[in-house]
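Residue numbers (full-length UniProt numbering): 1 to 487. Glycine included, C-beta positions come from ideal geometry on N, C-alpha and C. Keep in mind the model is a prediction, meaning the values are calculated, not measured. First the structure, in the form of structure tokens, and then the observations on it.
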């Protein structure tokens with residue numbers, strides 16, 4: 001009857017670790033005697049052997065705790081709680097439990113992509129593996145994890161590109177996943193930037209190519225630069241012949257870059273890589289795009305025959321084969337609304353072309369470009385480097401009007417001025433421009449007149465001329481008459 005006076009209530013394992021277990025219980029007793037309590041720990045369900053561990057408490061309080069040490073990790077045990085009172089009353093209680101696996105160590109990132117992080121770890125050498133263990137790695141903030149029971153590595157998937165994560169690992173019993181070791185220390189993991197999407201060639205010239213791409217997610221890391229590598233078709237990025245890049249915010253705001261100094265009429269491939277801060281690293285190569293540069297422009301262009309409706313253009317080629325031909329374009333510069341751009345095409349072997357259907361008396365800018373037809377059916381035009389500014393001739397009736405109303409009078413005036421300038425050097429011109437009144441001398445009887453008579457004669461001439469200014473100077477017959485009267 002004395003044995004029944006002691007009752008052990010609520011015996012439980014409150015905390016279990018890889019090498020220890022903490023017990024708590026409540027003793028109900030009708031007496032106030034001191035109590036001596038011992039916890040004995042035995043191998044799983046084997047209470048007949050010697051205990052492997054235990055703990056001892058001497059306490060008059062009803063609620064008691066103690067911790068059993070030096071246990072094996074990941075191992076099942078049975079424990080027996082024995083309470084003695086001074087009066088020799090005894091009470092027993094039993095509970096089974098299992099220690100946790102040991103904490104893995106040396107967690108590290110082995111590889112990563114834009115959406116995944118691969119990790120590896122080490123298992124303590126003295127870990128007990130009789131019960132299966134599951135190792136769980138969690139990425140804090142992403143609610144993503146990976147687990148492994150047999151290997152020492154796993155990969156966390158479905159992460160955000162260009163983002164930092166806190167990684168931890170714990171070992172849990174497969175039989176009871178709530179029975180886990182302590183978590184390891186935090187290890188930083190970084191996803192790389194996402195690969196460049198939709199890389200394409202927007203425009204190709206003889207010596208350049210313009211690339212564009214889709215918007216790239218930022219993540220928590222700061223995007224530093226995006227580089228487009230250009231290499232010969234069939235080779236790799238390691239044999240880059242040229243590249244272009246953009247930095248910082250321009251990666252998503254501009255979304256374009258231009259590779260220069262390429263060789264004309266050559267087949268190339270291109271791929272893009274984007275890099276973030278040093279911890280985040282760089283993306284994998286984007287999709288590769290193939291393209292071909294256009295043929296080179298002629299090294300010289302000149303004008304041939306020019307008419308009212310046509311212009312002949314000649315050039316010196318820079319390349320004689322490997323392309324399809326030339327296109328010559330005439331773009332009007334004047335405000336003539338009837339003038340429209342006109343073109344003519346020539347084969348690759350030709351060196352001239354006549355542009356027709358032009359407007360007369362109109363100035364045009366003339367350009368010559370080489371072109372090639374690609375395998376996808378597109379026509380690829382080369383760069384425009386040289387140009388001419390030429391004017392078509394005036395129509396014939398316009399020339400006649402100009403000749404009649406402008407050129408002929410100008411010619412007559414110019415001829416007169418030339419003859420007038422030469423009047424003193426050519427006798428005939430001298431007589432033409434320096435004519436004076438000439439009086440014919442008719443032989444007759446010689447007479448002598450006085451000075452007064454001559455003066456009177458001169459005054460008579462002047463009076464006649466003043467009275468009749470319309471009269472012409474006296475003729476030779478009049479002179480004879482005046483001479484006879486004087487005689």
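Hey, quick one: how far does the beta strand (DSSP E) through residue i stretch, first residue to last?
i	result
residue 361	Segment: none, residue 361 is in no beta strand (DSSP E) and carries neither H nor E.
residue 212	209-212
residue 312	311-316
residue 195	Here residue 195 belongs to no beta strand (DSSP E), and DSSP marks it neither H nor E.
residue 356	Here residue 356 belongs to no beta strand (DSSP E), and DSSP marks it neither H nor E.
residue 271	267-275
residue 280	Counting along the chain, residue 280 falls outside any beta strand (DSSP E), and DSSP gives it neither H nor E.
residue 202	200-204
Please identify the residue among the options whose C-alpha is closest to the C-alpha of residue i.
i	options	result
residue 261	414, 415, 378, 204	204
residue 19	10, 54, 25, 46	54
residue 224	245, 27, 381, 50	245
residue 315	252, 321, 303, 82	303
residue 142	21, 189, 358	189
residue 91	230, 7, 406, 146	7
residue 352	368, 129, 361	368
residue 155	297, 116, 132, 184	116
residue 44	107, 38, 80	80
residue 272	287, 181, 375, 149	287
residue 283	193, 313, 51, 179	193
residue 46	95, 22, 379, 57	95
residue 263	231, 289, 38	231
residue 301	347, 387, 70	387
residue 17	107, 101, 23	101
residue 312	65, 346, 295	346
residue 165	214, 150, 112	112
Starting from residue i, trace the alpha helix (DSSP H) in both directions and tell me its first and last residue.
i	result
residue 420	408-421
residue 252	250-253
Indicate the three-state DSSP secondary structure (helix, strand or coil) for residue i in the structure shown.
i	result
residue 238	helix
residue 487	Reliability fails at residue 487, whose pLDDT of 44 lies under 50, so the model's placement of it is uncertain and no value is given.
residue 405	helix
residue 296	coil
residue 332	strand
residue 427	helix
residue 22	strand
residue 163	coil
residue 50	coil
residue 15	strand
residue 223	coil
residue 256	strand
residue 97	strand
residue 215	coil
residue 129	coil
residue 10	strand
residue 302	strand
residue 392	coil
residue 231	strand
State buried or exposed for residue i, treating a residue as buried only when at least 16 other CB atoms are found within 10 Å of its CB.
i	result
residue 425	exposed
residue 186	exposed
residue 418	exposed
residue 99	buried
residue 161	buried
residue 233	exposed
residue 420	exposed
residue 414	exposed
residue 405	exposed
residue 439	Reliability fails at residue 439, whose pLDDT of 49 lies under 50, so the model's placement of it is uncertain and the value that follows must be treated cautiously. With fewer than 16 Cβ atoms within 10 Å of its Cβ, residue 439 is classed as exposed.
residue 340	exposed
residue 307	exposed
residue 15	exposed
residue 317	buried
residue 139	buried
residue 27	buried
residue 97	buried
residue 329	buried
residue 12	exposed
residue 167	buried
residue 114	buried
residue 248	exposed
residue 137	buried
Assuming residue i and residue j make a contact with CB atoms under 8 Å, what is their CB distance in whole Å?
i	j	result
residue 259	residue 237	About 13 Å separates the two Cβ atoms, so there is no contact after all.
residue 323	residue 268	With 8 Å as the limit, residue 323 and residue 268 do not qualify as a contact, their Cβ atoms being about 16 Å apart.
residue 389	residue 365	6 Å
residue 148	residue 135	5 Å
residue 393	residue 360	6 Å
residue 296	residue 377	Between residue 377 and residue 296 the Cβ distance is about 22 Å, and since that is not below 8 Å, they are no contact.
residue 35	residue 83	6 Å
residue 216	residue 274	6 Å
Can you check whether the C-beta of residue i is within less than 8 Å of a C-beta belonging to chain B?
i	result
residue 362	In the structure shown, chain B does not exist; there is a single protein chain.
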